[in-house]
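Counting along the sequence shown from 1, when you hit position 107 you're at 107 in my numbering, and nothing is skipped either side.
Comments concern the structure below.
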Amino acid sequence: MNLPITAEQIRLAAKNRGSEANLNSVLTSLDRYAADVGLDRLHRIIHYLAQLMHESGSFRWDQEIWGPTPAQQRYDTRSDLGNTPEKDGDGYKYRGRAGIQITGKANYEAFRDWCRERGYNPPDFVKDPDAINSDPWEGLVPIWYWTTRNLNKWADQNDSETITRKINGGKNGLADRMDYYGRLALVVCGYGVSSAEIERFQRDHGLAVDGDVGPKTRAALHTRLVELGGGAGAGVRSAPVVEETVVEKEVTVTVPVDRPVVPAKVEKEVRQKTNWVTGIFGTGGIAATALTWLAGMDRDSLILMGVLFVIAMAVILLGGEWIIRRVKALRREIEGA
Numbered sequence: 001m002n003l004p005i006t007a008e009q010i011r012l013a014a015k016n017r018g019s020e021a022n023l024n025s026v027l028t029s030l031d032r033y034a035a036d037v038g039l040d041r042l043h044r045i046i047h048y049l050a051q052l053m054h055e056s057g058s059f060r061w062d063q064e065i066w067g068p069t070p071a072q073q074r075y076d077t078r079s080d081l082g083n084t085p086e087k088d089g090d091g092y093k094y095r096g097r098a099g100i101q102i103t104g105k106a107n108y109e110a111f112r113d114w115c116r117e118r119g120y121n122p123p124d125f126v127k128d129p130d131a132i133n134s135d136p137w138e139g140l141v142p143i144w145y146w147t148t149r150n151l152n153k154w155a156d157q158n159d160s161e162t163i164t165r166k167i168n169g170g171k172n173g174l175a176d177r178m179d180y181y182g183r184l185a186l187v188v189c190g191y192g193v194s195s196a197e198i199e200r201f202q203r204d205h206g207l208a209v210d211g212d213v214g215p216k217t218r219a220a221l222h223t224r225l226v227e228l229g230g231g232a233g234a235g236v237r238s239a240p241v242v243e244e245t246v247v248e249k250e251v252t253v254t255v256p257v258d259r260p261v262v263p264a265k266v267e268k269e270v271r272q273k274t275n276w277v278t279g280i281f282g283t284g285g286i287a288a289t290a291l292t293w294l295a296g297m298d299r300d301s302l303i304l305m306g307v308l309f310v311i312a313m314a315v316i317l318l319g320g321e322w323i324i325r326r327v328k329a330l331r332r333e334i335e336g337a
């Protein structure tokens, strides 16, 4: 297939210069296998590459840097990763390799079996782990990782947070991953990565111009990528949720938007004033009726006066209650918006 993104565009979006060999491995495998797993849609590729560029430092690393650190030493007996419970070198043998690093004997075995099921005729990575870092396998590992976690679904919804959790197990590096997404998307859409270029994109798409790739700008980029990729398909949201969040120690805190609220005292004051007006009219009506009677008005006039008084009171009472109900409704609408 002809990839909808080029090596030059990826270099423009990168934050440092990585290995050309590593980048070529990724693109070679995308070219050969992307259509097999639905990674041939532009908006999906951008999310995929953004995650991969964070994990690999813009393709600088394709192998775990081994100390060994205390954590790496514990890998040797990690039976949950398929390594033996004895200290026999399994941690180092099955250390992280490829762009999204595959770690542990069980994962090497799972990748091998996945390739065999698809007829890709792979070597036995359990016997020869170093074969992972040869083509086309090095670039196929992240495709396997992405596919087996069903990440196309979340790319369709422009959900970087869920993609990050499923790759990382948490939200480590979320800001950097989203930054890579913005940079790649801007370049593919025909813009640069500078603040001035972000502002140009925002002006061109009717957004608030602030030079920051925030949630609304990411939503607009997603929409544009879907358009460039041939339009939305099933499950693709062209206008995803864009609520801003802040990540603090692995906890996502929703930032509330300042909004005017109708204070309860306003409602109370309206009720008091409505009752006050009703009371005045009620008292005045009774007094007027009494005075009319004393003035010796004829019976028909008195009846007419009484009917008018009742109608006036009904209008006042109903109007007052309507005002109170409307204020309550307005308050609920604003506070719950």
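Built from N, CA and C at the ideal position, the CB exists for glycine as well.
The alpha carbon of Ser-56 has as its nearest neighbour, out of Gln-101, Ile-46 and Ala-175, the alpha carbon of Gln-101. With a contact defined as Cβ atoms closer than 8 Å, Thr-164 and Arg-177 qualify at about 6 Å.
Looking at the DSSP output, Ile-102 bridges to Arg-97. Here Pro-85 is exposed. Its C-beta has fewer than 16 other C-beta atoms within 10 Å. Judged by DSSP secondary structure, Phe-125 falls outside any alpha helix (DSSP H); it is assigned neither H nor E.
In the structure shown, Gln-157 falls within a coil segment according to DSSP collapsed to helix, strand and coil. Contact between the stretch 202-212 and the stretch 12-19 is absent: fewer than three C-beta pairs spanning the two stretches fall below 8 Å. Spatial neighbours of Ala-7 in its own chain (CB-CB distance under 7 Å, excluding positions within 5 residues in sequence) are listed in chain order as Leu-23 and Leu-27.
Contact annotation: Gly-173 and Pro-142 have beta-carbon atoms that are not nearer than 7 Å. Sixteen is the threshold: since fewer than 16 other Cβ atoms of the shown chains lie within 10 Å of the Cβ of Ile-303, the residue is exposed. If you draw a 10 Å sphere on the C-beta of Ile-45, you find 16 or more other C-beta atoms in it, and that means buried. Rounded to the nearest whole angstrom, the CA to CA distance from Gln-63 to Glu-138 is 10 Å. Beta-bridge annotation (DSSP): Gln-63 is paired with Arg-97. Here the alpha carbons of Val-188 and Ser-194 stand approximately 14 Å from one another.
Assigned with DSSP and collapsed to three states, Leu-39 falls in coil, not helix or strand. Taking a C-beta distance under 7 Å as the contact criterion, Val-226 and His-47 do not qualify as a contact pair. Taking 7 Å as the cut-off, the beta carbon of Asp-36 is found no closer than this to the beta carbon of Met-1. When the beta-carbon positions are compared, Leu-81 and Gly-104 come within less than 7 Å of each other. Taking C-beta atoms as the reference points, Tyr-108 and Pro-129 count as a pair closer than 7 Å. A distance below 7 Å separates the beta carbons of Thr-162 and Trp-154. It is roughly 13 Å from the alpha-carbon of Arg-11 to the alpha-carbon of Ala-185. Between Tyr-181 and Ala-50, the C-beta gap is smaller than 7 Å, which places the two residues in contact. Gly-230 is not a Cβ neighbour of Asn-152, given a cutoff of 7 Å. In the three-state reduction of the DSSP assignment, Lys-216 falls in the helix class. If you ignore the 5 residues before and after Ile-132, its C-beta comes within less than 6 Å of the C-beta of Arg-97, Ala-98 and Phe-125, all in its own chain and listed in chain order. By the neighbour-count definition (other C-beta atoms within 10 Å, threshold 16), Ser-79 is an exposed residue. Cys-115 places its beta carbon 7 Å or farther from that of Pro-123. In the same chain as Gly-91, and ignoring 5 residues on each side of it, the C-beta atoms closer than 8 Å to its own belong to Pro-68, Gln-72, Gln-73, Arg-74, Tyr-75, Asp-76, Thr-77, Arg-78 and Asn-83, in chain order. Around Asp-156, the same chain offers Gly-235 and Val-236 as residues with beta carbons nearer than 6 Å, after the five sequence neighbours per side are excluded. The DSSP-derived three-state label of Glu-20 is helix. Ile-198 and Asp-212 have their alpha carbons spaced roughly 7 Å apart.
Under the DSSP assignment, Tyr-180 falls in the alpha helix (DSSP H) whose first and last residues are 174-188. Judged by DSSP in its simplified three-state form, His-47 adopts helix. Bounds of the alpha helix (DSSP H) holding Val-141 are 137-148. For Asp-204, the uninterrupted alpha helix (DSSP H) segment begins and ends at 195-204.
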